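For the sequence shown, this note's numbering assigns the number 41 to the initial residue and increments by one for each residue that follows. Ideal Cβ positions, reconstructed from N, Cα and C, are used throughout, including at glycine. As the structure is a prediction and not an experimental result, all values here were calculated from the model. The structure appears right after this line, and notes come after that.
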Amino acid sequence: MQHYMQAPDRSAPGSIQVASVNAIQDVVPLVEQALAAPAEEEEVQLEDIALTAAIPVPPSAAPQPEMLPDNPVTLAALEDEPITDLPQEEPAPSFGCEIDFKAQPVAAAMVKLTLNAPCLGNERFTLHHNGMMFADATDAEGRAEISVPALNKAAIFIATFTSGDSAVADAEVGTLEYYDRAVVQWNGPEGLQIHALEYEAGYEGDGHVWAGAARDLASAAKGEGGFITRLGDAEAFNPMMAEIYTFPSGTALKEGTIAINLEAEVTEDNCNTDIEAQILQKSGADRMAAKELVLAMPECDAVGDYLVLKNLFDDLNIARN
């Protein structure tokens, strides 16, 4: 039998209803029994548990790892071996410039040089030959063509570029013994000049040979007289210049004396400076002489004047051939 307590009606004052004592007595034992003897927790058995994150068990059909044999393990080396040199990385190959450099002997013991360096366009190079040096440059396509007076019968020419590239050409100049040559070379702009006075000619005469009246190799090839060759680029950075006078001593049509002088023009570029130069003179078959020269130029108020330097070159005494 269940007993209920009706909630009191708080809307009507003084009308609070009280349940009977019997009903309260019937309820209390039930509450006390529940508080006094709590029910024991029933042990729950877990079955068919599926793990959501665990190492999968390989199926029985999958290959299983084999056990190592029970044989004793033998060490391959019980002593430390010296470490040998490790292989080094090979340097990357450098791709140099392929240069075609040829030398061809021509008339009057001259040599035609042809330089072709396609990857060195508009590049400065220095040409070396038997003590003579001058600087020039290739064109936009890497080419240069120069006629150079030979100073050795077995002529060797070396062209070196500022990039480090270089090339060598050679030629056999069989007619060199018939020609005498005087060379002046220097670093810097123009200013030094060779003046040859052939057969006692005076200045501005027919036998006065210099850069302003240079002639060409045809005069020497015919035995008529000498000619001037100027080498180098005066407008280039750090110019190296050379000037050469050639006379056909072995085939000359006349006998007489050739006086060779060196002149220095005072310019705005070289005034009040020292000019360092070298003098080379080739005579006969293989005689070669060299001199060093340091020339102190006058003050700049002397621009336009000339210094005449005699006795730096030996005069040529020409016998009739």
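Measure the beta-carbon distance from Trp252 to Glu238 and round it to whole angstroms, keeping in mind my assumption that it falls under 8 angstroms. Looking at the sequence provided, one finds Gly at residue 252 rather than Trp. Wrong, their Cβ atoms sit about 15 angstroms apart, outside the cutoff.
Among Leu347, Ala180, Asn357 and Val188, whose alpha-carbon lies nearest the alpha-carbon of His169? For the residues Leu347, Ala180, Asn357 and Val188, the minimum Cα distance to His169 belongs to Val188.
Identify every residue that forms a DSSP beta bridge with Gly296. Looking at the DSSP output, Gly296 sits in a beta bridge with Ile358.
Would Leu232 and Ala148 qualify as a contact pair, given that the criterion is a beta-carbon distance under 8 angstroms? For the pair Leu232 and Ala148, the CB atoms are not nearer than the 8 angstroms cut-off.
What first and last residue would you give for the alpha helix (DSSP H) that runs through Leu257? Looking at the DSSP string, the run of the alpha helix (DSSP H) that includes Leu257 is Leu257 to Ala261.
Expected contact under 8 angstroms - CB spacing of Gly290 and Tyr218 to nearest Å: 3 angstroms between Cβ atoms; contact.
Per-residue DSSP class, three states only, for Glu217: Collapsing the DSSP output to three states places Glu217 in a helix.
Tell me whether the beta-carbon of Val334 lies closer than 8 angstroms to the beta-carbon of Glu305. Cβ distance not < 8 angstroms, so Val334 and Glu305 don't count as in contact.
Neighbourhood of Ala190 by C-beta, 6 angstroms cutoff - its chain only, sequence neighbours within 5 removed: Ala149, Val151, Val213 and Leu216, listed in sequence order.
Who does Thr166 pair with in a DSSP beta bridge? Thr166 pairs with Ala175 and Thr200.
Using the rule of at least 16 other Cβ atoms within 10 Å of the residue's Cβ for burial, across every protein chain shown, is Lys262 buried or exposed? By the neighbour-count definition (other C-beta atoms within 10 Å, threshold 16), Lys262 is an exposed residue.
Exposed or buried, which one is Tyr346 when buried takes at least 16 other CB atoms within 10 Å? Tyr346 comes out exposed.
Helix, strand or coil, according to DSSP, for Asp341 in the structure here? Residue state, collapsed to three classes: helix.
Considering only residues of the same chain and omitting the five flanking positions on each side of Ala207, which have a CB-CB separation below 6 angstroms? Within the same chain, Ala207 has close Cβ partners Ile139, Phe141 and Ala199.
How do the region 259-276 and the region 317-327 stand: do at least 3 beta-carbon pairs fall below 8 angstroms, yes or no? Cβ pair count under 8 angstroms is below three, so no.
Taking the CB atoms as reference points, tell me whether Phe197 and Leu153 lie closer together than 8 angstroms. With respect to the 8 angstroms criterion, Phe197 and Leu153 are classified as neighbours on the basis of their beta carbons.
Under 8 angstroms Cβ to Cβ from Glu366, same chain only, skipping five residues before and after it: list those, please. Look at the range of the chain in this structure, 41 to 361, and you will see that residue 366 is not part of it.
For Ala276 and Glu240, the rounded distance between their alpha carbons: Their Cα atoms are separated by approximately 37 angstroms.
If I measure Cβ to Cβ from Ala336 and keep anything under 6 angstroms in the same chain, skipping five residues before and after, which residues do I get? Taken in chain order, the residues that qualify are Asp314.
Between Asp179 and Gly272, what straight-line distance do the alpha-carbon atoms span, to the nearest angstrom? Taking the straight line from one Cα to the other gives about 14 angstroms.
Local conformation of Ala149 per DSSP, three classes: When secondary structure is reduced to three states using DSSP, Ala149 falls in the helix class.
Please name the residue in Ala177, Asn227, Ser323 and Pro288 whose C-alpha comes closest to that of Ala281. In the sequence as displayed, the identity of residue 281 is Met instead of Ala. For Met281, the nearest C-alpha among the options comes from Asn227.
Looking only at C-alpha atoms, which of Gly171, Asp205 and Asn192 sits nearest to Glu332? Scanning Gly171, Asp205 and Asn192 for the CA closest to the CA of Glu332 turns up Gly171.
Paired residues, beta bridge with Glu230 - DSSP: Glu230 is not bridged to any residue.
Can the beta-carbon of Asn162 be found less than 8 angstroms from the beta-carbon of Ala175? No. Outside cutoff.
Is it right to say Arg360 is buried, meaning 16 or more other beta carbons lie within 10 angstroms of its own, or is it exposed? Label assigned to Arg360: exposed.
Would you give the residue range spanned by the beta strand (DSSP E) that Asp314 belongs to? Counting along the chain, the beta strand (DSSP E) containing Asp314 begins and ends at Asp314 to Ser323.
Go ahead and label Ala74 buried or exposed: buried means 16 or more other beta carbons lie within 10 angstroms of its beta carbon, across all protein chains shown. Low per-residue confidence applies at Ala74: pLDDT is 41, beneath 50, and the placement is therefore not dependable enough to give any value.
From the DSSP output, in three-state form, read off Ala142 for me. What sits at residue 142 in the sequence shown is Lys, not Ala. DSSP places Lys142 within a strand segment (E or B) once states are collapsed to three.
By how many angstroms is the C-alpha of Glu230 removed from the C-alpha of Leu356? Taking the straight line from one Cα to the other gives about 26 angstroms.
What are the boundary residues of the beta strand (DSSP E) that includes Asp210? Per DSSP, Asp210 belongs to the beta strand (DSSP E) from Ser206 to Glu212.
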